[in-house]
Amino acid sequence: MTDITNPKLIYAKGALFLFGGLLASALLIAERPSIKVAVLLAVAIWCFARAYYFAFYVIEHYVDGRYRFAGLWSFVRYLFRKDRRADPNNRPPRTWGENK
5 MTDITNPKLI
15 YAKGALFLFG
25 GLLASALLIA
35 ERPSIKVAVL
45 LAVAIWCFAR
55 AYYFAFYVIE
65 HYVDGRYRFA
75 GLWSFVRYLF
85 RKDRRADPNN
95 RPPRTWGENK
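Put into structure tokens, the structure is as follows:
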């Protein structure tokens with residue numbers, strides 16, 4: 005299977021993800037309509053989004069510059085590799101906001 009390169013298809017895919025998430029969330033809240041369920045669902049979504057960001061951005065830019073994100077399964081394989089120790093000489097350059 006090849007990568008999607010058509011911008012319209014990429015936007016459609018993103019819209020489908022958004023629609024699926026909104027539909028699933030609405031159905032969960034409709035089944036158990038309470039503030040507690042809505043808040044817990046929002047916290048779970050936020051935490052999963054941050055975990056995904058951690059897997060694809062933080063590791064590559066702050067821990068191991070050699071790592072290239074190719075999906076969550078690639079991240080799981082990366083975690084179990086023995087040679088994943090960060091190489092201090094292979095880190096990206098510091099940005100203006102980082103401490104020395």
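So the mapping is simple: my numbering equals the position in the sequence shown, first residue as 1, plus 4.
Here a beta-carbon is modelled for each residue, glycine too, at the ideal position from N, C-alpha and C.
Predicted model, so just to flag it, every value in this text is computed and none were measured.
Where the alpha helix (DSSP H) through residue i begins and ends
i	result
Y11	Before going further, note that residue 11 is Pro rather than Tyr in the sequence given. Run containing P11: P11 to E35, per the alpha helix (DSSP H) assignment.
R70	First-last for R70: undefined, no H or E at that position.
Simplified DSSP state of residue i, which is helix, strand or coil
i	result
S38	coil
R81	helix
I8	coil
A59	helix
A46	helix
A154	The chain is shown only over 5 to 104; residue 154 falls outside these bounds and no answer can be derived.
H65	helix
Member of the options whose CA lies at the smallest distance from the CA of residue i
i	options	result
A28	K17, A42 and A16	A42
A55	L76, R81, I14 and R36	L76
Indicate whether the contact test is met: 3 or more Cβ pairs, each with one atom in the stretch 77-84 and one in the stretch 56-66, closer than 8 Å.
-> Yes, the stretch 77-84 touches the stretch 56-66.
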